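Chains as they are written, first to last, in my numbering: chain A, 1 to 249; chain B, 250 to 498. These notes are about the structure you will find just below.
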DNA sequence: TTTTATTTTGCGTTTTTTTGCTATTTTTAG
DNA sequence: CTAAAAATAGCAAAAAAACGCAAAATAAAA
């Protein structure tokens, strides 16, 4: 077994499971734990993964609260992103918000789809770069450490100068009465600008967030043209939203 | 057995199995291990496969990861980044260019250092987010897939509205006569803007790039205030640069 | 064809890399 | 605080690579 092969195996394991245990890898590859330790150390030195006590974790798998807390609903988020894809046609110009659900949308974009994508999210932009037929435009501004998105006056100003067919956005909280709300004031300001620059706004939200609210309001519920959850559109949980002028997917 | 025949056999074996062991090939072709070693070395030189300790692997085999970026001469690049750190003091406002050398600078920033960092590079921005005392400001624009940096008119315009203490930049090619040059026209335009927005410009470049040039010019060599390579500043290779008004580190 | 020059190949030696083992120190968790 | 797990460092055996050199094969020239 060549060293390069082990490296490749280790990397793909890390990418797949987001984390590995050195002991597991050593057993799977049938080499000593020392060898695996040295391999991982080398890969860490090359910034291919991050070595931690007892194992290694994927670089993309940061200890960021947003990502960590929501990883367990990734299935639902993929479902949502899949549904959103039907709205997209070749040549469309869209904005993709930050957050794991929107990131999932970016991931699931088919390679052949031709799009122009604006985003203020670093992870989304990185993901979109791997799509050969997508033109990626990063909206600049001060980057928030928690959300890994550009926010602030500069970002808002940049958004004011563009117009897109669709904005795909996430939200912290959504309620049929109170609309979309957030914990963070600055995030709200940016989301307002995002909605303003779109002909149509599509909300991607896991059902867990339905009927919850927080301090600062992004917009009323009828500012949203389409809401996509992992639920069946006929689900009774969505009933309160049916009264408003909003499409459900 | 002709040499060309062996080369073909080796290549098809590599393509088929994604990897080969030199010992296996030597036995299969009934030639000495040295011959195989030389064959593989030659094929590696022609970029037909990648030679590794004990064997060779297919070029396509390693391209499965987007993080498989240019980690070439990472040691030297770390050395350069370490040197650059001495220029940085708390409260400084800097711009960090794209490229692996500048990315290494971002990585090596001490956690306690308090900075305001502008960048147009997605990887650099991501890296800077992990620094608790660094304010990160992303310069927006269309994102180039190869360089993973924002370029184009929008990026240049955004750069025209800022002023930083230091710009840390990389370059494709640098020559004491011809100055800094690039292969890509759009990259040159952005780099010009980066230099313009800085009080002082610091060039980070591995010595390999010294005395090389390409099509499009970024700036004259004396537009650079400080040049940092992995070499000792007294190295004779740097002599041609000493004539200009440029600091060496 | 014979001779000469060049390239290729194999072999022995030396050097480097890789790997697993042991002993010791460090980290983690109860 | 203590015990288990993990990391580190040093070491030696084995594998592989690098190097020089001479024999063999091939090509070129007389």
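Ideal Cβ positions, reconstructed from N, Cα and C, are used throughout, including at glycine. These figures come from a predicted structure and were not determined experimentally.
{"Asked": "Same chain, Cβ closer than 7 angstroms to residue 185(A), five either side skipped, listed in chain order", "Found": "216"}
{"Asked": "Any C-beta of chain B under 9 angstroms from that of residue 246(A)", "Found": "no"}
{"Asked": "Residue 45(A) classed as buried or exposed, judged by whether at least 16 other C-beta atoms fall within 10 angstroms", "Found": "exposed"}
{"Asked": "Option nearest residue 43(A) by Cα separation, candidates 58(A), 31(A) and 203(A)", "Found": "58(A)"}
{"Asked": "N- and C-terminal bounds of the beta strand (DSSP E) containing residue 167(A)", "Found": "164 to 169"}
{"Asked": "Nonlocal neighbours in the same chain, by C-beta distance under 6 angstroms from residue 121(A), ignoring five residues either side", "Found": "98 and 149"}
{"Asked": "Residues of its chain near residue 11(A), where Cβ-Cβ distance is below 7 angstroms and the 5 sequence neighbours each way are ignored", "Found": "43, 48 and 49"}
{"Asked": "Nearest neighbour of residue 183(A), chosen from 76(A), 213(A) and 208(A) [CA to CA]", "Found": "213(A)"}
{"Asked": "Chain A residues whose Cβ lies nearer than 7 angstroms to that of residue 407(B)", "Found": "140"}
{"Asked": "Where the beta strand (DSSP E) through residue 228(A) begins and ends", "Found": "226 to 228"}
{"Asked": "Any chain A beta carbon closer than 9 angstroms to residue 403(B)", "Found": "yes"}
{"Asked": "Beta carbon proximity, residue 374(B) to chain A, threshold 9 angstroms", "Found": "yes"}
{"Asked": "Segment contact flag, the stretch 173 to 181 of chain A with the stretch 146 to 163 of chain A, C-beta cutoff 8 angstroms, min 3 pairs", "Found": "no"}
{"Asked": "Beta-carbon proximity of residue 134(A) to residue 116(A), cut-off 9 angstroms", "Found": "yes"}
{"Asked": "Buried/exposed call for residue 85(A), threshold 16 Cβ in 10 Å", "Found": "exposed"}
{"Asked": "For residue 363(B), the nearest candidate out of 341(B), 256(B), 473(B) and 460(B) (CA to CA)", "Found": "341(B)"}
{"Asked": "Alpha helix (DSSP H) segment containing residue 360(B), residue limits", "Found": "Careful: residue 360(B) lies outside any alpha helix (DSSP H) and carries neither H nor E."}
{"Asked": "Extent of the continuous alpha helix (DSSP H) run through residue 432(B)", "Found": "Looking at the DSSP string, residue 432(B) is not in any alpha helix (DSSP H), and its letter there is neither H nor E."}
{"Asked": "Closest residue to residue 413(B) among 473(B), 444(B) and 392(B) (Cα-Cα distance)", "Found": "444(B)"}
{"Asked": "C-alpha distance - residue 361(B) paired with residue 385(B), whole-angstrom precision", "Found": "15 angstroms"}
{"Asked": "Whole-angstrom distance between residue 201(A) and residue 241(A), CA atom to CA atom", "Found": "15 angstroms"}
{"Asked": "C-beta neighbour in chain B for residue 112(A), strict 9 angstroms", "Found": "no"}
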